[in-house]
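K.L.:
Structure incoming, see below.
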Amino acid sequence: MEGLYVAAIVPYDANGAINDELIRQLVEQNLDEGAAGFFVEGSSGECFLLSPEERLHLFEVFAEYKDRCTLFAHVGSCGTDEAVRYAKAVKEMGYQRVAATPPIYFGYSPAAVASYYDDIASAIGDGVYYYNIPMNTHRTLDFYNADTRAMFASGSIAGFKHTNLDLYEMDRLRAINPDLKIFGGFENLMVAFLAMGCDGFVGSTFNFTLPHFTKIMQAFESGDLDTARDLQIKANNLMEVIMREGLFPSIKHAMTVRGFDVGAVRKPFLPLSDEAAARVDQAIADNLVD
1 MEGLYVAAIV
11 PYDANGAIND
21 ELIRQLVEQN
31 LDEGAAGFFV
41 EGSSGECFLL
51 SPEERLHLFE
61 VFAEYKDRCT
71 LFAHVGSCGT
81 DEAVRYAKAV
91 KEMGYQRVAA
101 TPPIYFGYSP
111 AAVASYYDDI
121 ASAIGDGVYY
131 YNIPMNTHRT
141 LDFYNADTRA
151 MFASGSIAGF
161 KHTNLDLYEM
171 DRLRAINPDL
181 KIFGGFENLM
191 VAFLAMGCDG
201 FVGSTFNFTL
211 PHFTKIMQAF
221 ESGDLDTARD
231 LQIKANNLME
241 VIMREGLFPS
251 IKHAMTVRGF
261 DVGAVRKPFL
271 PLSDEAAARV
281 DQAIADNLVD
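For the sequence shown, position 260 (counting from the first letter as 1) is numbered 260 according to full-length UniProt numbering, and the numbering increases by one without interruption.
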């Protein structure tokens, strides 16, 4: 397995602008903890809450680390032209991998979605990672559909980030094209993802839980399944609380408690109440293993 990738958050300064220096501090900490790389401008990175100028700037800051780790750039957009513009820019910056959510809102046909990925892949001369997160895109994959199957077999798709609890779907997509690289995206099923043979893992909570999940990975790879399960259950105790209280506000709260003043998630997200923050703090104290 390649290792664990941090789904990077985006810190803001007191004026709400992207805080470049704090990004560098966060990256250095995660690299010290053993991160294999970063997934930039995914859901944790508030991708669709950033302006086009902010997205390009954020890509540039993370590109400073291209020689020290593997970088995924999420370039997903509502339209093909914008996604292609980001994809071409990040390849010029030196990103090794490009990912994209499918285009959302208009309910495009599978053939239209396939053309979106074909256009991005053609523009950069490389396959794209399909960012499969139906809970946010409200778009599910039908692996029986001929256009969907052709898309995953075509070479336009290099792999996928599977932020979905359906591991049968993950397996069936890989069966279409065994060369696809698969990256798990739901920390609460990491042991199961590992058992199903994912190539790596991308986690939002890895911003502050990376040592804990590294222990899960190490226990699994050494064959100590009892320890892996026990640590997974502890992680899930924490995940239950932060998912209930709000995943992204909880992550930013946890980072602030750890001394990184990352600011709040952009509106219309709401900040945690004092009571919710206390519940998150308690869940971290009770379950997280450093």
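Here a beta-carbon is modelled for each residue, glycine too, at the ideal position from N, C-alpha and C.
Quick one: what's got a C-beta closer than 7 Å to VAL191's C-beta in the same chain, skipping five residues either side?
P.N.:
Once the five neighbours on either side are set aside, the close Cβ partners of VAL191 are ILE216, PHE220, ALA228, ARG229, GLN232.
K.L.:
Spell out a yes or no on whether the stretch 165-184 and the stretch 105-114 are touching, meaning 3 or more CB-CB pairs, one atom from each, closer than 8 Å.
P.N.:
Segments in contact, no.
K.L.:
Tell me, which residues are paired with VAL202 by DSSP?
P.N.:
BP columns for VAL202 point to TYR5.
K.L.:
Counting pairs of beta carbons, one from the stretch 14-32 and one from the stretch 237-244, are three or more of them closer than 8 Å?
P.N.:
In short, these stretches do not touch, since the Cβ pair count stays below three.
K.L.:
Which stretch, first to last residue, makes up the alpha helix (DSSP H) that contains ARG97?
P.N.:
Taken as a continuous stretch (DSSP letters only), ARG97 belongs to no alpha helix (DSSP H), being part of the beta strand (DSSP E) at 97-100.
K.L.:
Between LYS161 and TYR129, how many whole angstroms is the CB-CB distance? I'm expecting something under 8 Å.
P.N.:
LYS161 to TYR129, Cβ: 6 Å. Contact.
K.L.:
What residue from VAL61, ARG68, ALA63, ARG55 has the CA that sits closest to ALA83's CA?
P.N.:
Taking only the C-alpha atoms, the option nearest ALA83 is ARG55.
K.L.:
In chain order, what residues of the same chain lie with their CB nearer than 8 Å to the CB of PRO149, ignoring the 5 residues before and after it?
P.N.:
It should be pointed out that residue 149 corresponds to Arg in this sequence rather than to Pro. PHE143, ILE176, listed in sequence order.
K.L.:
Could you give the distance in angstroms between the alpha-carbon of CYS69 and the alpha-carbon of LEU189?
P.N.:
Looking at the two C-alpha atoms, the distance is approximately 25 Å.
K.L.:
Rank ILE133, LEU58, CYS47 by C-alpha distance to the C-alpha of GLY184 and give the top, closest one.
P.N.:
Measuring from the Cα of GLY184, the nearest candidate turns out to be ILE133.
K.L.:
Considering only the beta carbon of each residue, do LEU4 and LEU210 sit closer than 9 Å?
P.N.:
Contact: yes.
K.L.:
Quick one: grab the DSSP three-state call for HIS253.
P.N.:
Note: HIS253 maps to helix in three-state DSSP.
K.L.:
Pick from TYR131, CYS198, VAL98: whose alpha carbon is nearest that of GLY125?
P.N.:
Among TYR131, CYS198, VAL98, the Cα nearest to that of GLY125 is on VAL98.
K.L.:
Take GLU21 as the anchor and find which of ASP261, PHE206, THR101, ASP199 has the nearest alpha-carbon.
P.N.:
Of the listed residues, the one whose Cα sits closest to GLU21 is ASP261.
K.L.:
Consult DSSP for VAL128 and reduce its assignment to one of helix, strand or coil.
P.N.:
Here VAL128 sits in strand by DSSP.
K.L.:
Tell whether a beta-carbon distance below 9 Å holds between TYR86 and LYS66.
P.N.:
Not closer than 9 Å, so no.
K.L.:
Can you have a look at GLU92 and say buried or exposed, based on whether 16 or more other CB atoms are within 10 angstroms of its CB?
P.N.:
That one is exposed.
K.L.:
On the DSSP letters alone, give me the boundaries of the alpha helix (DSSP H) that HIS138 sits inside.
P.N.:
Counting along the chain, HIS138 falls outside any alpha helix (DSSP H), and DSSP gives it neither H nor E.
K.L.:
Should SER44 and PHE248 be called a contact, given that it needs their Cβ atoms to be closer than 9 Å?
P.N.:
Yes, these two residues count as a Cβ contact at 9 Å.
K.L.:
Assuming the contact rule is C-beta atoms closer than 8 Å, ALA14 and PHE38 should be a hit. Round their C-beta distance to whole Å, please.
P.N.:
That belief does not hold up - the Cβ atoms of ALA14 and PHE38 are roughly 25 Å apart, past 8 Å.
K.L.:
Let me check understanding here. Comparing Cα to Cα, which of PRO103, ASN164, ASP81, ASN145 lies closest to ALA123?
P.N.:
Minimum Cα distance to ALA123 is reached at ASP81.
K.L.:
Rounded to the nearest angstrom, what separates SER204 and ALA146 at their Cα positions?
P.N.:
Their Cα atoms are separated by approximately 33 Å.
K.L.:
Within 10 Å of its beta-carbon, does ASN287 have 16 or more other beta-carbons around it, so buried, or fewer, so exposed?
P.N.:
Its Cβ being crowded by 16 or more others within 10 Å, ASN287 is buried.
K.L.:
Which residue's Cα is closest to the Cα of VAL289: ALA158, PHE208, ALA100, GLY263?
P.N.:
The candidate whose alpha carbon is nearest that of VAL289 is PHE208.
K.L.:
Using DSSP with H/G/I as helix, E/B as strand and the rest coil, what is TYR117?
P.N.:
Residue state, collapsed to three classes: helix.
K.L.:
Provide the residue(s) that pair with ILE182 in DSSP beta bridges, ordered along the chain.
P.N.:
Paired residues: PHE160.
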